[in-house]
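Visitor:
Residue numbers (the working numbering), protein chains in the order written: chain R, 7 to 593; chain W, 3 to 515.
And the structure:
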């Protein structure tokens, strides 16, 4: 058999493994489907491979998912755009499986193919496929069909267009809530392809049906459609049709629906124009900010900056700011936390005076919040407020907040604040940093939790980058090197790590003068773990220091370590020596 | 109209340490009414129904499925009735498949053994001809897909089959890896190499061909666990219930109710938490919970104090505040040591119309109208003759038995189990005095007593048909049973027809009317 010819053997095996019992092998073959297709040639791919895939689609979800993905980019292997339609049948079958992620991927691939197909092929092949799926027996196929209308619609002749619209209307009233949900979440996409005249009639009536669905889960997806539809409609239509709906939704009985409104509301402001925003949307938003369900307030608070960006500063100060004040002392820590993460962004919007007068007290109270996340969120966005009013007004309250977070008993909180130290340092300037924060950074090097020590070492590196080698020489290096005599080997290890991180930033001179001697001295440590870490650090120093230093200092030390009684020390010393040799060769 | 239930089918399970489960899922129209059963003795049996399939679960963690095989065409049935062949009306069920749903586990963090015993089973939305169900033990919920697959055989391969057999192990372990194929790791290199060296001709290589797959007629049923929802409950899960929105379900333990999305197994939302800050203040636990059959935002849960709370998920994210509470004020002077124990509700069910809730406590079955919170619209005494014996029942722990209850699809009748393998069926429309007591028994001669030609007799003010046999030692002359070891805890009503499945001893019985 020719297939066993040496060069073809791998491909033959690959093809056979399409039906292997081992799922990993099948998966591998499917991922290499393009290779198989090239080996078979375009014609046989169309006539044999694609039908074969279509018949063998009862596989595991994982394999089907891979197949759906591969088929999406398969057009070149079947002979280009002209033959794109042969890819549709297997994807159509995949659109009906019950695993959601397979269906979604199949729909995605179909859309990708459909977007490239010729208009006549779309009408001849794609639209019938959409119709078949939309009228399928099982809800799975109907769900999938909802995501395909926007591809089929634009190129369809008028009669077909009318048919597609009416089918979509039926999907919006399907018995199964899953189908109605899919129809609701795809309505925006479909509407974007529909002509304005039909938009106002057909699509709006579908939209109205969905907004009155008795299933919460459908209604809340209809909210998503509001913003998308609003952008398509002209301003007066939007005010007439969408605005009442969204205002209604903002007072829906279900908190989930109100939650969705809170998330989407700012997107509608542009669509309805400033007048309607002032009259209708601002009061609706204020209601959401004062909602009795914390989840809704969280969503609304999280969008406060985005909403204010659209409003005029006067409106924001008059209506939104009082709510923000209330929220800053909300009973739910999550609401305060959501507010804290965006409130700094309001400073540029409101301008300097309003910020100092109105926002500053809120910042300060949030900085004293009992919940660490709230304080952290404020600190993380410090740069935005710094641009408006400067840091001086805040620095007084900032320091206690930072110190408290730095000493929080939860190490994750300490970790989070360390992450922000470079940002703080750049905002607050060298002077403030040296006075107040320098000692904290050193203190973290001796934290009881490894992750903190690791982050502290990394933090020193980032500070050195921020303030430059000279500053580091003065304010970091002496303190760090002092700690090298710590009696506990784990702390000495942290210092080693800090050295290896700092060396590339500080450059060859400082490394050779200050850091290298310390590292060399540690090679005489009594703990083997320190010694093999010395070997690792030396290896990392090799590219930084000059070749003469390598030969004079590093290599002798490594040779000594390579004769250590401990096997690990010998191993890593050997590794480092090899690195030295490589530098020699390449140098 | 009085219904006369006659036994039509019974399945015996003689498994010493484990039992089984069964359920119906109707494929034509997915009406979900769920049946449950539990069989105490050596096994536990759950039964759920949505029409054509029946599922049962047991102490050994097994789930057994049964399917209906009789023709259900109404036209032909009418004809048959005309011809007076009543026996052919029997719904016939046969064993479909079984699978091991849960295995015994050990929680090392809490030093806790987790039994494999199935607590509940629920049917989910059918799709593509496959059956889906949720099963749970004390801690872990699993989502199962049971599907019939055509057996396929591969008949032709590129690489010589005989060679493949010869090289069997070698081909997959040493030879092929050399060619860097199976794991794909090194194949990339080889591939690019071959595509450079040996460019693919435009027509492809004619010698290569795809495996030929032959589809056989025979089919095999496979059950696959699609999702596992674990680590969300500190206490034992007592109920699961799926939502009419088709994408979420709840699981309830003694103190909390969690809301899940079927597609997402790694997170759930706690929607009810009755755990007091100090466990010494604990006076009440959740005993059962169920979603409303059509309103996706409503659910009801029952408590050990005999109250039912209706909550609205729309009101807030954490539903600690109920929107309605159904509770009957106890009659003054009737209080005894046992009052609180027997008030505990063991099961609640929504009627299909969503208007009524059926609850079962130790002594009674109560039907509530969701528009009336102060008292049930009907109360049915199940085994009033046991009231003087509460002391004995307390001594042997029988007083803590948890009986299921169920409603017929049309909402006109209710049923629940009792001792001595008896179960009782009541008519619940106002003015109905229909009541029947039936015994689930495997004695075939019993069927003679229950021929359809003898409708339920009305005996004085309370109509009761007692099915009793001389060989049942625990049943006295009045049809009252004092045999506390043979209890009928689990039963389920067909969603559209008047047929009941119940589990008693180690058997499953089907009754139809």
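Even for Gly, the Cβ is constructed at its ideal location relative to N, Cα and C.
(1) Give the interface partners of residue 269 of chain W over in chain R, defined as CB-CB distance under 8 Å, in chain order.
(2) Within the 7 Å Cβ cut-off, does residue 240 of chain W reach chain R?
(3) Could you say which of R:504, R:494 and R:471 lies nearest to residue 486 of chain R if we only look at CA atoms?
(4) Rounding to the nearest angstrom, what Cα-Cα distance links residue 190 of chain R and residue 236 of chain R in this structure?
(5) Alpha carbon to alpha carbon, how far is residue 508 of chain R from residue 558 of chain R? Give it in angstroms, no decimals.
(6) Determine the DSSP secondary structure at residue 87 of chain W, reduced to helix, strand or coil.
(7) Since residue 326 of chain W sits in a beta bridge, which residues does DSSP pair it with?
(8) Return the first residue and the last residue of the alpha helix (DSSP H) that residue 110 of chain R is part of.
(9) Using a beta-carbon distance below 7 Å, is residue 502 of chain W in contact with chain R?
(10) Are three or more beta carbon pairs between the segment 211-226 of chain R and the segment 259-277 of chain R nearer than 8 Å?
(11) In terms of DSSP beta bridges, what is residue 222 of chain W paired with?
(12) At a CB-CB cut-off below 9 Å, which residues of chain W make contact with residue 54 of chain R?
(13) If I'm right that residue 354 of chain W touches residue 411 of chain W with Cβ under 8 Å, what's the distance once you round it to whole angstroms?
(14) Closest Cβ-Cβ distance between residue 247 of chain W and chain R: below 7 Å?
(15) Less than 7 Å between CB atoms is the rule here; does residue 284 of chain R satisfy it with respect to chain W?
(16) List the residues of chain W whose Cβ lies closer than 9 Å to the Cβ of residue 24 of chain R, in chain order.
(17) Is it true that the segment 401-410 of chain W meets the segment 331-344 of chain W, where meeting means three or more beta-carbon pairs spaced less than 8 Å apart?
(18) Could you please give the first and the last residue of the uninterrupted beta strand (DSSP E) stretch that includes residue 268 of chain W?
(19) Excluding the five sequence neighbours on either side, which residues of its own chain have a C-beta within less than 8 Å of the C-beta of residue 17 of chain R, listed in chain order?
(20) Just to check my reading of the structure: residue 421 of chain W and residue 489 of chain W have Cβ atoms closer than 8 Å, yes? What is that Cβ distance to the nearest angstrom?
(21) Measuring CA to CA, which of R:82, R:79, R:122 and R:56 is closest to residue 99 of chain R?
(22) Taking 7 Å as the threshold (beta carbon to beta carbon), is residue 206 of chain W in contact with chain R?
(23) Looking at chain W, which residues of the segment 86-109 of chain R have a Cβ within less than 9 Å of any of its Cβ atoms?
(24) So what does DSSP say about residue 196 of chain R, is it helix, strand or coil?
(25) Out of curiosity, what's the CA-to-CA distance linking residue 325 of chain R and residue 355 of chain R?
(26) How is the alpha helix (DSSP H) around residue 429 of chain W delimited, first residue to last?
(27) DSSP on residue 417 of chain W, reduced to helix/strand/coil?
(28) Let me make sure I understand the geometry here. Which of W:103, W:132, W:497 and W:109 has the alpha-carbon closest to that of residue 119 of chain W?
(29) Could you work out which residue in W:436, W:115, W:318 and W:432 is closest to residue 105 of chain W when comparing CA atoms only?
(30) Please report the straight-line C-alpha distance between residue 68 of chain W and residue 136 of chain W, rounded to a whole angstrom.
(31) Residue 120 of chain R and residue 173 of chain R look like a contact to me (Cβ under 8 Å); what is the Cβ gap, rounded to whole Å?
(32) Could you confirm whether any beta carbon from chain W is found closer than 7 Å to the beta carbon of residue 299 of chain R?
(33) So which residues on chain W does residue 45 of chain R lean against when the C-beta distance must stay under 8 Å?
(34) Use the C-beta contact count for residue 508 of chain W: other C-beta atoms within 10 angstroms, 16 or more gives buried, fewer gives exposed.
(35) Check whether the Cβ atoms of residue 244 of chain R and residue 277 of chain R lie closer than 7 Å to each other.
(36) So, at 6 Å on beta carbons, what are the nonlocal neighbours of residue 175 of chain R in its own chain, with the 5 sequence-adjacent residues on each side left out?
Guide: Answer, in terms of the structure:
(1) In the second chain, residue 269 of chain W corresponds to position 267, counting from 1. None at all; the shortest Cβ gap to chain R is about 15 Å.
(2) Mapped onto the second chain, residue 240 of chain W falls at position 238. Contacts with chain R at 7 Å (Cβ-Cβ) do not include residue 240 of chain W.
(3) On the first chain, residue 486 of chain R is found 480 positions in, with the first residue counted as 1. Looking at the Cα atoms, R:504 is the closest of the given residues.
(4) Locating residue 190 of chain R in the first chain gives position 184, where the first residue counts as 1. Locating residue 236 of chain R in the first chain gives position 230, where the first residue counts as 1. If you take the alpha carbons of residue 190 of chain R and residue 236 of chain R, they lie about 15 Å apart.
(5) Your numbering for residue 558 of chain R matches position 552 in the first chain. Your numbering for residue 508 of chain R matches position 502 in the first chain. Using only the alpha carbons, I get a separation of about 22 Å.
(6) To locate residue 87 of chain W, count along the second chain from 1; it is residue 85. Caution applies to residue 87 of chain W, whose pLDDT of 43 falls short of 50 and renders its modelled position unreliable; the value that the coordinates give is listed next. In the structure shown, residue 87 of chain W sits in coil (DSSP, three-state: anything other than H, G, I, E or B).
(7) Position 324 of the second chain, counted from the start, is the residue given in the question as residue 326 of chain W. According to DSSP, which records beta bridges pairwise, residue 326 of chain W is partnered with W:312.
(8) Here residue 110 of chain R refers to the residue found at position 104 of the first chain. Here the alpha helix (DSSP H) through residue 110 of chain R covers 106-122.
(9) For the purposes of this step, residue 502 of chain W is identified with residue 500 of the second chain, where counting begins at 1. Judged by the 7 Å Cβ criterion, residue 502 of chain W is not in contact with chain R.
(10) yes
(11) For the purposes of this step, residue 222 of chain W is identified with residue 220 of the second chain, where counting begins at 1. W:151, per the DSSP bridge assignment.
(12) The residue given as residue 54 of chain R occupies position 48 in the first chain. The contacting residues are 211 and 212.
(13) Position 352 of the second chain, counted from the first residue, corresponds to residue 354 of chain W. Position 409 of the second chain, counted from the first residue, corresponds to residue 411 of chain W. Indeed, because the Cβ distance is near 6 Å, the residues count as touching under 8 Å.
(14) Taking the first residue of the second chain as position 1, residue 247 of chain W is located at position 245. Taking Cβ atoms only, chain R reaches closer than 7 Å to residue 247 of chain W, which makes this a yes.
(15) As a position in the first chain, residue 284 of chain R is number 278, starting the count at 1. Not one chain W Cβ lies under 7 Å of residue 284 of chain R.
(16) The residue labelled residue 24 of chain R in the question sits at position 18 within the first chain. Going along chain W in sequence order, the residues near residue 24 of chain R (Cβ under 9 Å) are 212 and 213.
(17) yes
(18) Along the second chain, one-based indexing puts residue 268 of chain W at 266. It spans 266-275 - the beta strand (DSSP E) in which residue 268 of chain W sits, taken as one unbroken run.
(19) Numbered from its first residue, the first chain carries residue 17 of chain R at position 11. The answer, listed in chain order, is 41, 42 and 45.
(20) In the second chain, residue 421 of chain W corresponds to position 419, counting from 1. In the second chain, residue 489 of chain W corresponds to position 487, counting from 1. With a Cβ gap of about 5 Å, residue 421 of chain W and residue 489 of chain W count as contacting.
(21) Residue mapping note: residue 99 of chain R aligns to position 93 of the first chain, counting from 1. Residue 99 of chain R has its Cα closest to that of R:56, out of R:82, R:79, R:122 and R:56.
(22) In the second chain, residue 206 of chain W corresponds to position 204, counting from 1. Cβ-Cβ to chain R under 7 Å: yes for residue 206 of chain W.
(23) 102, 103, 104, 105, 106 and 107
(24) As a working mapping, residue 196 of chain R is identified with position 190 in the first chain. For residue 196 of chain R, the three-state secondary structure derived from DSSP is helix.
(25) Here the question's residue 325 of chain R lines up with position 319 in the first chain. Here the question's residue 355 of chain R lines up with position 349 in the first chain. Rounded to whole angstroms, residue 325 of chain R to residue 355 of chain R spans 14 Å at the Cα level.
(26) Position 427 of the second chain, counted from the start, is the residue given in the question as residue 429 of chain W. Element bounds for residue 429 of chain W: not the alpha helix (DSSP H) but the beta strand (DSSP E), 424-429.
(27) In the second chain, the residue the question calls residue 417 of chain W occupies position 415. Three-state DSSP puts residue 417 of chain W in a strand.
(28) Within the second chain, numbered from 1, the residue matching residue 119 of chain W stands at position 117. Nearest option by C-alpha distance: W:103.
(29) Within the second chain, the letter at position 103 stands for residue 105 of chain W. The candidate whose alpha carbon is nearest that of residue 105 of chain W is W:115.
(30) For the purposes of this step, residue 68 of chain W is identified with residue 66 of the second chain, where counting begins at 1. For the purposes of this step, residue 136 of chain W is identified with residue 134 of the second chain, where counting begins at 1. For residue 68 of chain W and residue 136 of chain W, the distance between alpha carbons rounds to 16 Å.
(31) Here residue 120 of chain R is taken as the residue at index 114 of the first chain, counted from 1. Here residue 173 of chain R is taken as the residue at index 167 of the first chain, counted from 1. Wrong, their Cβ atoms sit about 16 Å apart, outside the cutoff.
(32) Counting from one through the first chain, the residue named residue 299 of chain R turns up at place 293. Yes, residue 299 of chain R lies at the interface with chain W (some Cβ there is under 7 Å from its Cβ).
(33) Here residue 45 of chain R is taken as the residue at index 39 of the first chain, counted from 1. Chain W residues near residue 45 of chain R: 202, 206, 207 and 210.
(34) By 1-based counting over the second chain, the position of residue 508 of chain W is 506. The residue is buried, with at least 16 neighbouring Cβ atoms inside 10 Å.
(35) The residue labelled residue 244 of chain R in the question sits at position 238 within the first chain. The residue labelled residue 277 of chain R in the question sits at position 271 within the first chain. Yes, the Cβ-Cβ distance between residue 244 of chain R and residue 277 of chain R is below 7 Å.
(36) Here residue 175 of chain R refers to the residue found at position 169 of the first chain. The residues are 212.
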